[in-house]
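In numbering that gives the first Met the number 0, the protein residues as written are 0 to 448.
Data block below; observations after.
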Amino acid sequence: MSRMFGTDGVRGIANKELTAELAYKLGRAGAYVLTEGAHKPKILVGMDTRISGDMLEGALISGILSVGAEAISVGIIPTPAVAYLTRKYGADAGVVISASHNPVEYNGIKFFNSNGYKLSDDLEDRIQSVIEDDFKGVPLPTGKDVGRKIIEESAVDDYIEFAKSTIDGDLKGLKIALDCANGASYITALKTFRELGAEVKVINNDPDGININANCGSTHPEELMDYVVRKNCDLGLAFDGDADRCLAVDEKGNLIDGDFIMAICGNYLKQRGRLRNDVVVVTVMSNMGLFKALDNVNIKTVKTKVGDRYVLEEMIKEGYKLGGEQSGHIIFLDYNTTGDGLVTGLQLSTIVKKSGKTLSELASMMKKLPQVLANAVVPNDKKDIYITDKEIADEIEKIEKELAGNGRVLIRPSGTEPLVRVMLEGEDQELLDKLAHGLAKRIEEKANN
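Structure follows, in structure tokens:
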């Protein structure tokens, strides 16, 4: 069997790839692996608003209960809330049923350990091996030893209180627009900002199980960009389906992506002596403008592979406090163990209030360089051709010289598709288009001959 777990848990089209049967097996195997040695293990279970959540939750919890573990159901709640509440409630593990920013037909199952961190590859492989071994040696208790499901009514309020505690003061005087993506933040975000005194305008907070991420939220911020200007708001915040991401919109309707947010928050934390070693952890896909902006305020960057799990690994290893991705997946390690859209939105809003500056003024510390992405379709066994083929390697070197320190070439083979992604960054959009598509075409031609 191929590897079941991807970069963010087990994900697929619900009821086709991610079936109720698979959810049951993951619940059973996950509970067994993650709670070995626990007296009466407890596993927290939350989900987003998509229609398949009920089906998968029922199956997943059945699997958990079948090995004698207790399932604490917290219902519809953001992914970062599960990471936090797993720690707060002293659970042995947490599970989220969500496909994050993906369309409604997808769903996913993601585990957290008792400390609220995503699982290591080794633990995920152990869960898969238990399933592949047909649950050999896994107990099937009976009678009083079967697990029990408990519904935790206070989970949403407990998470809101935590989120509010991450800022100093209130948000009175700010007019903030929220786009909840018809997802898991539809209660938590609205309540939190209102309780902190902000004047809140909200769109896409009426989930019906089908409209999650549908032309809204952080993957489609266009409606929010227009709404912020029409309603004369100080800023807007757009979450994704499970609210672990947050993008912002300034008062002029400009999109403020994760790179801008890291620049603004990194600078603010440094000024207050709260940015460990004056370092922000980013991925190789962050815009070159971010590196220049941080360098201008004497903040160093550490680069990782694409994926928030790699950012988090680097942060934990060195104790860094801030890291993230352009997509708005920002980790404030002082507060939570995963990207937390609500915490990100609160930090940014607080900086706007305390600085007395508009969000557009704060964002002006960074100038975003144009990026062009072109895909080359190549056989899976030729994905390293950009390294092994001298002609292509020479072409890349020539392009880098042409960009002359004001741009870069980044080649990334896809982990799942027969593609090599060619990304060029620089100051001249027209030149980048020509160079990127020319290089992608050359790679594709050579790889398929």
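C-beta: ideal position from N, C-alpha, C; glycine also.
Here the structure is a predicted model, which is why all the values come from computation and not from measurement.
Taking the alpha carbon of residue i as the reference point, which residue from the options has its own alpha carbon closest?
i	options	result
Lys-171	Arg-2, Glu-360, Glu-399, Val-351	Val-351
Ser-119	Gln-325, Leu-311, Ser-326	Leu-311
Asn-286	Ser-326, Gly-318, Met-314, Glu-69	Ser-326
Asn-379	Asn-447, Val-408, Ser-354	Asn-447
Val-421	Glu-444, Glu-401, Tyr-385	Tyr-385
Lys-135	Ile-126, Gly-142, Ile-71	Ile-126
Leu-17	Lys-109, Gly-322, Lys-39, Thr-85	Lys-109
Met-54	Asp-91, Pro-102, Gly-107	Gly-107
Tyr-309	Ile-329, Asp-169, Glu-194	Ile-329
Lys-356	Asp-388, Arg-271, Leu-173	Leu-173
Pro-140	Ser-65, Tyr-88, Asp-427	Ser-65
Asp-393	Arg-441, Ala-373, Pro-412, Val-419	Arg-441
Gly-404	Glu-390, Pro-412, Glu-426	Glu-426
Leu-402	Leu-423, Glu-416, Asp-388	Leu-423
Glu-123	Gly-52, Ile-166, Val-32, Leu-21	Val-32
Arg-411	Leu-358, Leu-332, Lys-143, Thr-303	Thr-303
Glu-464	Asn-295, Val-377, Ala-92	Because residue 464 is not part of the residues shown, which for the chain are 0 to 448, the question remains open.
Asp-133	Leu-234, Leu-195, Leu-21, Asn-295	Leu-21
Ser-462	Ile-315, Tyr-88, Asn-297	This structure does not reach residue 462, given that the chain is present from 0 up to 448, and the question cannot be answered.
Ile-260	Glu-360, Val-305, Asn-297	Glu-360
Val-103	Gly-306, Ala-13, Gln-428, Phe-192	Ala-13
Gly-473	Arg-27, Ala-92, Asp-169, Thr-343	Here the chain covers residues 0 to 448 and nothing more, so residue 473 does not appear.
Ile-391	Val-305, Val-419, Gly-272, Met-365	Val-419
Thr-165	Leu-358, Asp-144, Phe-192, Val-145	Phe-192
Val-145	Phe-290, Ile-60, Val-281	Ile-60
Asn-295	Glu-160, Ser-363, Lys-143, Asp-91	Ser-363
Ala-242	Gln-270, Ile-50, Leu-189	Leu-189
Asn-253	Leu-234, Tyr-267, Asp-388, Asn-114	Leu-234
Between which two residues does the alpha helix (DSSP H) harbouring residue i extend?
i	result
Phe-161	154-164
Ser-348	340-354
Ala-262	257-270
Lys-316	307-317
Arg-125	120-131
Gly-52	52-65
Thr-337	Thr-337 -> no alpha helix (DSSP H), and no H or E assigned at all.
Val-116	Here residue 116 is Tyr; the residue named in the question, Val, does not match the sequence. Run containing Tyr-116: none; DSSP gives neither H nor E here.
Ile-391	389-402
Thr-141	Counting along the chain, Thr-141 falls outside any alpha helix (DSSP H), and DSSP gives it neither H nor E.
Ala-360	Reading off the sequence shown, one finds Glu at residue 360, where the question assumed Ala. 358-362 is the span of the alpha helix (DSSP H), which, as asked, contains Glu-360.
Thr-218	Careful: Thr-218 lies outside any alpha helix (DSSP H) and carries neither H nor E.
Glu-35	No alpha helix (DSSP H) holds Glu-35; DSSP gives it neither H nor E.
Assuming residue i contacts residue j under a Cβ cut-off of 8 Å, what Cβ separation, rounded to an integer in Å, is found between them?
i	j	result
Tyr-23	Ala-58	4 Å
Asp-178	Ala-82	At roughly 22 Å, the Cβ-Cβ gap does not stay under 8 Å, so Asp-178 and Ala-82 are not in contact.
Arg-10	Tyr-116	At roughly 19 Å, the Cβ-Cβ gap does not stay under 8 Å, so Arg-10 and Tyr-116 are not in contact.
Ile-175	Ser-354	Rounded, the Cβ-Cβ distance is 15 Å, inconsistent with contact.
Ala-162	Leu-25	So it is not a contact: roughly 29 Å between Cβ atoms.
Gly-524	Gly-323	Within the shown structure, residues of the chain are numbered from 0 to 448, placing residue 524 beyond reach of any answer.
Lys-230	Arg-275	So it is not a contact: roughly 38 Å between Cβ atoms.
Lys-299	Asp-333	About 18 Å; that fails the 8 Å criterion.
Gly-240	Asn-212	5 Å
Val-283	Leu-293	In fact, because the Cβ distance is near 15 Å, the residues do not count as touching under 8 Å.
Arg-407	Glu-399	7 Å
Cys-264	Gln-346	6 Å
Lys-251	Val-228	7 Å
List the residues that DSSP assigns as beta-bridge partners of residue i.
i	result
Val-408	Leu-423
Val-95	Gly-45, Lys-109
Leu-223	Partner(s): none; Leu-223 has no beta bridge.
Asn-374	Arg-420
Lys-20	For clarity, residue 20 is Glu in the given sequence; the question names Lys instead. None, per the DSSP bridge assignment.
Lys-299	Val-278
Ser-72	Val-44, Ile-150
Asp-249	Leu-234
Val-199	Ile-175
Val-9	Ile-108
Leu-254	Val-248
Please report the residue range of the beta strand (DSSP E) in which residue i lies.
i	result
Leu-368	Taken as a continuous stretch (DSSP letters only), Leu-368 belongs to no beta strand (DSSP E), as it is neither H nor E.
Glu-432	Position check: residue 432 holds Asp in this sequence, whereas Glu was assumed. Taken as a continuous stretch (DSSP letters only), Asp-432 belongs to no beta strand (DSSP E), being part of the alpha helix (DSSP H) at 428-446.
Val-283	First-last for Val-283: undefined, no H or E at that position.
Phe-331	329-331
Leu-321	321-323
Is it the case that the CB of residue i approaches a heavy atom of the ligand GDP more closely than 7 Å?
i	result
Ala-68	The ligand GDP is not part of this structure, which contains no ligands at all.
Return no unless some Cβ of chain B is closer than 8 Å to the Cβ of residue i.
i	result
Thr-141	The chain labelled as chain B is not found in the depicted structure, where only one protein chain is given.
Taking 8 Å as the cut-off, does the region 197-205 touch the region 214-229 (at least 3 CB pairs, one atom from each stretch)?
yes
Would you check if the region 367-374 and the region 427-440 touch, i.e. whether three or more CB-CB distances between them fall below 8 Å?
yes
Stretch-stretch touch, CB-based, cutoff 8 Å, three pairs: the region 212-221 with the region 231-247:
yes
With a threshold of 8 Å, are at least 3 pairs of Cβ atoms found where one atom belongs to the region 62-78 and the other to the region 183-196?
yes
Counting pairs of beta carbons, one from the region 90-97 and one from the region 36-46, are three or more of them closer than 8 Å?
yes
Counting beta carbon pairs with one atom in the region 31-43 and one in the region 60-73, are three or more of them shorter than 8 Å?
yes
Touching by the beta-carbon criterion (3+ pairs, under 8 Å), the region 148-166 and the region 204-215:
no
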